[in-house]
Each structure stands twice: as C-alpha cells, then as structure tokens.
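Everything on this sheet refers to the single structure shown next.
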Amino acid sequence: MQWGRAVVAVVLACAASAGEQAFGLQADGRPLLELAPASAKAVVLYFVASDCPVSNRTLPEMLRVQHEFAARDVAFWFVYPNTGETLQTMTHHLAAFGVGKDAVLDKASRLVALTHARVTPEAAVLVRDGAAWKPVYTGRIDDRYVRLGVERPQATEHFIEQVVSEVLGQRPVQKAVGTPVGCAIMNPSAPVQTSEDAKQ
Amino acid sequence: MKVLVLLLCSGALLAQQPATKLSAHERELVTWRGEIAPIVYKNCLSCHHTGGSGPFDLSTYAQAKRWSPQMLDVTQSRYMPPWLPAPGHGEFAGNRRMSEAEIAAIKAWVASGAPEGAGKVPVAPTFKSSWELGPPDLVLEMPAAMQVPASGTDLYMNFVLPSSLQTSRWVRAMEIQPGSAQVTHHANVILDRTQSLRRQHPADWQRGVPGMDILVDSGDDFDPDSHFLFWKPDSTALVEPQGMPWRLNPGDDLILNMHLKPTGKPETVRAKIGLYFTDKPASEHPMLLQLENDAALNIPAGATDFVVEDELKLPVAVQVLGVYPHAHYLGKRLEGWAMLPDGSRQDLILIESWDIDRQSVYRLAKPLPLPAGTVVHMRYSYDNSAANVHNPHSPPVAVHAGNRSEDEMAHLWLQVLPVGPKADEPDPRLALEQAWMENRLRKSPDDDIALYNMAALETAQGHSTQAEAIYRRLLVQRPKDVRTMTSLGAAMAAAGDWQGAQQQLREAVATDASYTDAAFDLASIDAEHEDTAEAESLLVTLTAAHPQDGAAQRLLAIVYANEGLLAKALARLKAWQSIEPMDPDPHRALAQVYAQMGQQVDAVQEQKAVIALAPKSASDWSDLGVMEAQSGNKLSARKDFERAIELDPSLDAARSNLAKLP
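Those sequence lines, one after another, are chains L and G.
The working numbering puts the first sequence at residues 1 to 200.
The working numbering puts the second sequence at residues 1001 to 1662.
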C-alpha cells in the first residue's frame, strides 16, 4: 500500500509540472476549479466508470441520495477517474443514465489522491478544512454488494446517506466498513488494486 | 525512483509496444501473449466480446489489462466463468470450470502487473452478431417490449409467444436473442400446448406475467415428449441431439420465462426466439422427470441448514441426458444421485454453494444408463438466516413453496430416455409417469395434479373404470372443476356408459359453456347417438368462437352430412382443409361428399389432392380409380387400380374394381 501511495504522489507531481491545477474537466470541457462554494456544508464525490456494471447498477442509489440532499447545501460530483474515459464517454454516460451535469473527468487523479478511492463505485464525503476540503469518509455507498458475484436483493445499509446526515447534523461520522466492491480504478496515477488488497 | 516515474508517465505508450528485449526475469513472467490470451479466449470470450452478453470485451491486451484486477477476483472466487457443479460429481457437456493451473496463471499475471509479453499478437476468436445457425425458419417475438426499470430487485417475467404455425413442425435447434443481453440473466422456454397461461391471464399475457416459475396445463393427452429449453448468457444455439427434435404444433405457445436484472438505467427488452426445423420426425422420445418436495418446504426464519429430500424408483431402464436443479434464493447445497440395484452410487450433480443467478441446465457429457429399479435421490438444504446475503427477507421470515422469487422450491428435473422399448411394448414413459405421480401422491395424497395425471394415465392404458374413480375423487375436492367434469364424462363414455357420459358432459357445459372440450365431447356423443340438434347447436357455437378448431369443423361437417345437408358439410370441410393444408383427410372427406353430390370432377380433383399428400396409400389410389371410372375416364381408372395393386398386392377391392373395367 505504501508503494501505491508513493506512486500517486509522484504522478501528481508529473501532472502539476504540466500546469494542471484543476480537479479535472467538467462535462462542458471547462476545468473544475472549486468543488463547492464556501457556503456548502459538504461535498460528495461518487467515483464511477462508464463501463463498470456494478458502478452502473449503483447509480440509481447515488442519484437518490443526491436528490435527497441537493437542496441542503451539499454538492455532488460524479467523478470519472479512469484513464480510458474521455469527455465523450463521460457525457454519453451521463445522458444514458440520467445523471445530469455534475461530473468531472479526473484524469490526473487529483480527487483519487485526495480521497484514496480505490474502485468504482465508491464514494467520499468531504467537509471544509480551512480553504480546502478534506475527506471524512471514503468507502461503500451501500451494502448491496458483498463481493463480485454476491449481492443482496436490496441494500440494508445506506452508508452515504447516513454519513451526509451525520455531517449535516454535526454528529460524529461513522468509519467506513467493509470492502468496496466493483471495478478497480484504472489510472497510472492510482495503483492497481484488487479486493484482496483492499482488505489489507 | 526516477525510472519508475518515467515508466508511469509513459505507461500508455509502452502498453502499445511489444517488448523486444526481455530480461531473464521478464522471460519467466506469465504474459498476455504467452499464457493468458489462450485462457481468456477459451473461458471468457464467448460472453466477453463486443456484442456479447458480457458487460465488457476481453479480446485485446488493452481490454484485458483494464479488467485484470476483476479477472483475478472472480477467478479466485470461481464466480467466473459461471459454473456451479462440483467436480467429480457428474460429467457434463460444456464444463466451464477453469483448471487450478489456469486460475494460478491469471493470479501470477495480475501480480506481475499484467504484462503483455513478447511474441505474436494473439488473434481473438470471432463471433457472429446475428443468428448463430443462420436465418431461422421461424422467428417468434415478444408481443410487446417490456420496460425494465433502472433499479430495484431482479424481475422474473413470463411472456407468451404464440407459434402461428399452420402445421406441426419438428424443431431441431433454437436460439434466443434476448434483445438486451446485459439485462437478461437467463431465460427458459416452456411449451404450453393448451395456451393455458394465456387463458389464465387474458388481460395481461401480452405485457408479461410475473413469476419465477409457472405451471402450464399439458392437456389431457399423454404427451410426455419434453426437452430442456434453457438459455443463459453464454448459450449459443441450442441444438437437440440427433433423432430428438421437439414437436411444435399449431396453437402451441412458447412461454419465455425471463430473469431480468436492472442495469442502472431504464432498458427495453423484446426477445426473439429463432426456430430451426427438420423434416425428420423424432425417432427418440425423451421425457422430463421431476424429483421435488415442495410440500416439505416450511423453512423457519433463521434456519441455517433446512433439509428436504425426495427419491423416485425407476420402473424401467433409462439413460439420463441432463439435469436441472432448481431452488430460489435460500438454496444452499443441492445434491442429486442414483442408487443402482447393485448397491452402487452414481452422482448426478452436486452444487455446494447454490446461486440462482448462475442456475443452468446441465447436459451430461454422455448418457448415463440407469437400470430399472434404480432409486434417484435429491437432497437440498436451505439457509433462511440473515447470514444468507441472498435472503429476500430482512429480517428473515418463514418461507414456503411458491412461484414468486421470495418463495422457495425444491426441484430436480431429469431428462431421461427410456432404454430400448420394443415396438409391441407399451410406451415405457407411461410407467415412468406413473411412478412419478405415485411418488407425488405418497408425499401429498390430495395432490390434484398428480391425481388428474394418474386418471389420465389410466385412461391412456384403457382403464376407464379406474380413471372414472379417480375423477370422482377429484370432484369431491373440486366439485365445480369443469375440466375434471369433462374428463369424467370422457372416461364414462370410454367405459361404454354413453348416456351417463352425456349427462355428465351436459353438467360440464352448464357449468362453463366456454370450455370447448366439454362442448366438443358432448357434441361427439350426440353425433354418434343421433342427437343431431344438440350436436349442431354446440358445434356452431364452438366454431364461431374458434374458427381455427379443425376437429370441430370436421365434426360439424359430419353432423351436416348425416342430416343430408351436403352443401353445409362441404363448407365445413373446406374450412377444415384450410386449417390442415398438409393433412389428406379433409381432401378425402371432400372427395366423398362431392361424389355423393354427383360432382365427379370435383371429387376426382380432391382425391388427387389426397394422392399428392399420401402417394403410397393403396386404398386412396383405388378410390381415385373408382371416381375416375364413375366420371367415365376408364384409362385413368385402370392405371389407378394398377398402382393400388402395385403398392398393396393384397388389396382385393382394387383387384375387383380392375376386373370390372372393360
């Protein structure tokens, strides 16, 4: 794991040297410079992939939680972290799944590095830390998937919904439990990981 | 670290280039070009190709590398390739279980960074994007598309696909195109010979009927020909073994039972079934047998190892061709085996960790012979605790047998082929059916399906009195069941009590005038015993409601002919002929009626149509000769009689007629 994090740091250095300061590109091609206005109470990042079946099947739950909290000063971003994604695949995917425009192409893995997300789907909840945002939770969105090929008929725990409620209620935020299940984030900036790695 | 930085920043470029100079360490690596591509092509590509049912393509190195972490996960857990049977407990065709060496190779490959390696670029197998066997002879499509919601639990739907055939055909192969393979987890085709699902759901059968399992009415005839018609994402065309096509009759429905999985976005499903016909009728007649113990499925909430068992003694020798174990989400360990009369055991299947998402029919690699007296066993266990992540109920509740996915089932289907029945012996499938039904009644003495089938078996064997007794017993349980009332009437008629049968059938018609079997059977008795008014009334009503009922058109023609209403009889015979264009019988009857009416030219024309359909029928050639002679064409008549005698030298009528010609 330490090796992987070292790689992320090195690649970020590569990206920075190219002059890239944004979190990534938005659906309209503009760089995303701010995750949320200063008044926002939290930011939720959903790490997704246009070609990952588990990620796709979890999108309705992500959208449900977004809809629940959208009017309560919580910003949501659908983050596409894989190298293979392009603006075109991202916008096509957003339209096909009815996701809207709150998406960012994170080719430089800035958001992956910030949150230590490992797979799609995975979520991070961030709160203000001075001028920046810091993650207070990175992990599963719900408990529907136990491992690849083993899933509950429906989720019994809705972690992101609970965490955002805790943040808004200024209660202690629960720790992420269990192993995120899905497709490894494939980006040279993010180390290849398997579920076995994630358990360690 | 500088070297590492360089590698990472240019990683995308390096991935496109073949390695040229390899170090000793690199030469020892498991690589895509070396070991992995052949493993992936053999085990994964049938689904994981562009246009395939897998959610992504694994044809190229770049694609495989993208999914390499998941390949490691799913092969280590044996989630992929989907294959449930434990090794050493039955030998199956199309075994998809990967070897330990293959799994170890994938592990080593991923652990070393999924290298491409050197050597020739592997060439992936190609797959047809359309029908595997070429254009089908008949394509059936769901009457309407179904909208699958973006989210929610899995859906189990049954769609009725009417066959639209005009004549019976033998089906040698079938392929299902699910429309959206990403949504369709598996599909089962059930042959509904009596359109029973349509009748049970007249308002919504075109939209689809929910239910994981369905029960269709197989009708009153003993017609046990049955095949597994199961499709799953890695299935290609389902080709039946030589000599074992299945029969599709006019009026039959195919029921497409589909397991649909929401994908995260709304999807539209409109499946097609492609059928490939053969002119060669079945020469082998398999049947499906079922071990089950649904009655024992009373699984308490929290039970972790609830067991049900069943056993069936085979009265005749069979070959087992395939097995289909079936339980729902609580199924845990499923086992089937046979104890032979010599005390030896033959395992049929063992699934140590059941998963309905990966259920399948398993065809044996070669037929398994089981002698008469073999006892086939099943033993299933169920986990109804909260620890079973598949449990549909949270918290768990008591679960019983039922067709809904949240209910349970305990079924082990076997496709068997009776061994070597001689032509003069009774159909051995009668004995198998009887053993099966007796087994059901042993577990559930009031099992109405088993009782009904037992009565039908008695009827098929000519034991009308015994059948009558069973139907009467059933009527005590279901006094207003028009089907049982009708079958009782038919059994009474077969036993010689036509007056009692007539009375019984009149009660059936009075109970449900729309039940066509009752009306037809009553009209048949009426026609035979000269109650033509009632017969005519019943049949006019029946044919108005069901103009494609050839048997009713035929019977009404007979009634009219007996009344001397030959023009009306002709009209009905023509209707019958249009329903059965390949059947010589309507032409034969038309020829006879035309002859009675003195229309010899028409009679000859119809009789020639008979000959065209049945050219080796000596008696028909002789009849044609008679009609030709009556119309003055002596030369043709002579040739017809000579042809009849050539086909059947013992046909005295033809000899006698020939002798009468000048």
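Glycine is no exception: its CB is placed at the ideal position from the N, C-alpha and C atoms.
Do you know offhand how far residue i's Cα is from residue j's?
i: G:SER1168; j: G:GLU1175; result: 19 angstroms
i: L:TYR137; j: L:GLY84; result: 26 angstroms
i: G:VAL1399; j: G:ARG1198; result: 29 angstroms
i: L:ARG30; j: L:ALA117; result: 23 angstroms
i: L:GLY19; j: L:SER109; result: Confidence is the limiting factor: at L:GLY19 the pLDDT is only 39, short of 50, which leaves the residue's position unreliable and the question unanswerable from this model.
i: G:ASN1298; j: L:ARG152; result: 22 angstroms
i: G:LYS1480; j: G:ALA1654; result: 54 angstroms
i: G:GLY1088; j: G:PRO1371; result: 22 angstroms
i: G:ALA1114; j: G:SER1068; result: 7 angstroms
i: G:GLY1052; j: L:PHE23; result: 36 angstroms
i: G:ALA1019; j: G:GLY1119; result: In this prediction, G:ALA1019 scores a pLDDT of 40, lower than 50, which makes its location untrustworthy; no coordinate-derived value is stated.
i: G:ILE1214; j: G:GLY1322; result: 21 angstroms
i: L:VAL79; j: G:CYS1047; result: 29 angstroms
i: G:GLY1302; j: G:ALA1387; result: 9 angstroms
i: L:MET186; j: L:PRO81; result: 8 angstroms
i: G:ALA1338; j: G:ALA1545; result: 50 angstroms
i: L:TYR46; j: L:GLU68; result: 15 angstroms
i: L:ASP51; j: G:GLU1091; result: 36 angstroms
i: L:VAL203; j: L:ARG144; result: As displayed, chain L neither begins before 1 nor continues past 200, which places residue 203 of chain L out of reach and without an answer.
i: G:LEU1635; j: G:ALA1659; result: 13 angstroms
i: G:SER1164; j: G:LEU1254; result: 10 angstroms
i: G:ALA1456; j: G:MET1378; result: 27 angstroms
i: G:TYR1666; j: G:LEU1238; result: A question about residue 1666 of chain G goes unanswered here, because the residues of chain G that appear run from 1001 up to 1662.
Between which two residues does the alpha helix (DSSP H) holding residue i run?
i: G:VAL1601; result: 1600-1613
i: L:GLN88; result: 87-96
i: G:ASN1657; result: 1652-1660
i: L:MET62; result: 53-69
i: G:THR1543; result: 1532-1545
i: G:ILE1579; result: 1566-1579
i: L:TYR137; result: L:TYR137 -> not in any alpha helix (DSSP H); beta strand (DSSP E) instead, spanning 132-139.
Let me make sure I understand the geometry here. Which of the options has the alpha-carbon closest to that of residue i?
i: L:PRO188; options: L:LYS41, L:ASP106, L:LEU35 and L:LEU45; result: L:ASP106
i: G:VAL1216; options: G:GLY1564, G:GLY1179, G:ILE1449 and G:LEU1539; result: G:ILE1449
i: G:LEU1260; options: G:GLU1536, G:ASP1652, G:THR1075 and G:PRO1149; result: G:PRO1149
i: G:THR1374; options: G:LYS1568, G:ILE1611, G:ASP1347 and G:ILE1351; result: G:ASP1347
i: L:VAL177; options: L:LEU168, L:VAL167, L:GLU166 and L:ILE160; result: L:ILE160
i: G:TRP1083; options: G:PHE1092, G:ASN1391 and G:ARG1096; result: G:ARG1096
i: G:GLU1507; options: G:TYR1061, G:LEU1475 and G:ASP1623; result: G:LEU1475
i: G:MET1212; options: G:THR1153, G:GLU1267 and G:GLY1251; result: G:THR1153
i: G:LYS1265; options: L:THR179, L:GLU166 and L:MET62; result: L:MET62
i: G:VAL1509; options: G:GLY1489, G:ARG1478 and G:GLY1219; result: G:GLY1489
i: G:PRO1178; options: G:LYS1272, G:TRP1131, G:ARG1554 and G:ALA1124; result: G:LYS1272
i: G:GLN1461; options: G:GLU1425, G:GLU1642 and G:GLN1206; result: G:GLU1425
i: G:GLY1243; options: G:VAL1269, G:ASP1279 and G:TRP1354; result: G:ASP1279
i: G:GLY1336; options: G:VAL1626, G:PRO1325, G:SER1344 and G:PHE1520; result: G:PRO1325
Starting from residue i, trace the beta strand (DSSP E) in both directions and tell me its first and last residue.
i: G:ALA1187; result: 1184-1192
i: G:ARG1247; result: 1246-1248
i: G:GLY1550; result: It is not in any beta strand (DSSP E) - G:GLY1550 instead sits in the alpha helix (DSSP H) that spans 1550-1562.
i: G:HIS989; result: This structure leaves residue 989 of chain G out entirely; chain G is present only between 1001 and 1662.
i: G:ASN1257; result: 1253-1260
i: G:LEU1590; result: Run containing G:LEU1590: none in the beta strand (DSSP E); it sits in the alpha helix (DSSP H), 1584-1596.
Quick one: list the residues of chain L neighbouring residue i, beta-carbon separation under 8 angstroms, in chain order.
i: G:PRO1233; result: Within 8 angstroms Cβ-Cβ: nothing; G:PRO1233 doesn't reach chain L, min ~12 angstroms.
i: G:VAL1389; result: VAL146, VAL150, GLU151 and ARG152
Which residues of chain G have a Cβ atom closer than 9 angstroms to the Cβ of residue i, listed in chain order?
i: L:LEU148; result: GLN1070, ASP1073, VAL1074, SER1077, TYR1079 and MET1080
i: L:ALA108; result: Correct list: empty, because the minimum Cβ distance to chain G is about 12 angstroms.
Which chain G residues are close to residue i, counting only those with a beta carbon under 7 angstroms from its beta carbon?
i: L:ALA96; result: LYS1265
i: L:GLN154; result: THR1153
i: L:LEU218; result: Nothing can be reported for residue 218 of chain L: it is not among the residues displayed for chain L, which extend from 1 to 200.
Counting only Cβ pairs nearer than 7 angstroms, list the residues of chain C close to residue i.
i: G:SER1394; result: In the structure shown, chain C cannot be found, because the protein chains are L and G.
Give the residues of chain L in contact with residue i, contact being defined as C-beta atoms less than 7 angstroms apart.
i: G:PRO1055; result: PRO53
i: G:ALA1150; result: PRO60
i: G:ARG1066; result: GLY84 and MET186
Just list the beta strand (DSSP E) runs in the segment 1352-1426 of chain G, keeping only unbroken ones of 3 residues or longer that don't cross its boundaries, in chain order. Listed in chain order, they are 1362-1370, 1375-1382 and 1411-1418.
Restricting to runs no shorter than 4 residues, where is the alpha helix (DSSP H) found entirely within the segment 1427-1475 of chain G? The segment 1427-1475 of chain G contains these whole alpha helix (DSSP H) runs: 1428-1443 and 1448-1460.
Alpha helix (DSSP H) runs contained entirely in the segment 1099-1155 of chain G, provided each spans 4 or more residues: With a minimum length of 4 residues, the continuous alpha helix (DSSP H) runs that stay inside the segment 1099-1155 of chain G are 1100-1111.
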